[in-house]
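Colleague:
Residue numbers (mature numbering (1 follows the signal peptide of the UniProt record, and there is no 0)): -25 to -1, 1 to 122.
1. Under a three-way DSSP split, which group does residue 113 fall into?
2. Once the 5 residues before and after residue 125 are set aside, which same chain residues still bring their CB inside 8 angstroms of it?
3. For residue 129, write down the residues that DSSP places opposite it in a beta bridge.
4. Under three-state DSSP, which class holds residue 12?
5. Buried or exposed for residue 113, going by 16 or more other Cβ atoms inside 10 Å?
6. Would residue 54 pass as a contact of residue 24 if the rule is Cβ separation under 8 angstroms?
7. Would you give the residue range spanned by the alpha helix (DSSP H) that residue 64 belongs to?
8. Please state whether the Cβ-Cβ distance between residue 79 and residue 100 is less than 8 angstroms.
9. CB residue 83 to CB residue 48, shorter than 8 angstroms?
10. Does residue 75 get closer than 8 angstroms to chain B when you measure Cβ to Cβ?
11. Please classify residue 53: does DSSP put it in a helix, a strand, or coil?
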């Protein structure tokens, strides 16, 4: 009789441990992704915007992840409203509508002589600079990607 009780207790413990593990795994996989993309190279703008769209699509669409793009250096010129190419503006608009955040480096803006209103709509200013913003977001748990 004791053996049966011990067997039942062992099986109950095993199934309980399995259930806890499954619940833990479900929590981990359902955690909302937090990702910051880094863009400084002007020749990578369209590629990175495409990566962002792929990321939004890959997680199941808008609102499924917290995604930000920090832009500084020569890449910011691609987002000057008067000079931006139509497909760049269209891609960015779609991403902003999907909830992707865009941060422009204040130091680059100053060096290029542009204000927030001079950029395509959707940007906020990274007042302390783009690299500081990248570090802040990483400290907040954002994964860092530089495609």
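Backbone N, C-alpha and C fix where the C-beta goes; we use that ideal spot for every residue, glycine too. Because the structure is a prediction, the values reported are computed rather than measured.
Modeller: Walking through what the data contain:
1. The answer is helix: DSSP assigns residue 113 an H, G or I state.
2. Because the chain is modelled from -25 through 122, residue 125 falls outside the range shown and cannot be assessed.
3. This structure does not reach residue 129, given that the chain is present from -25 up to 122, and the question cannot be answered.
4. strand
5. By the 10 Å Cβ count, residue 113 comes out exposed.
6. no
7. 61 to 72
8. yes
9. yes
10. Absent from the structure is chain B; it holds one protein chain and no more.
11. helix
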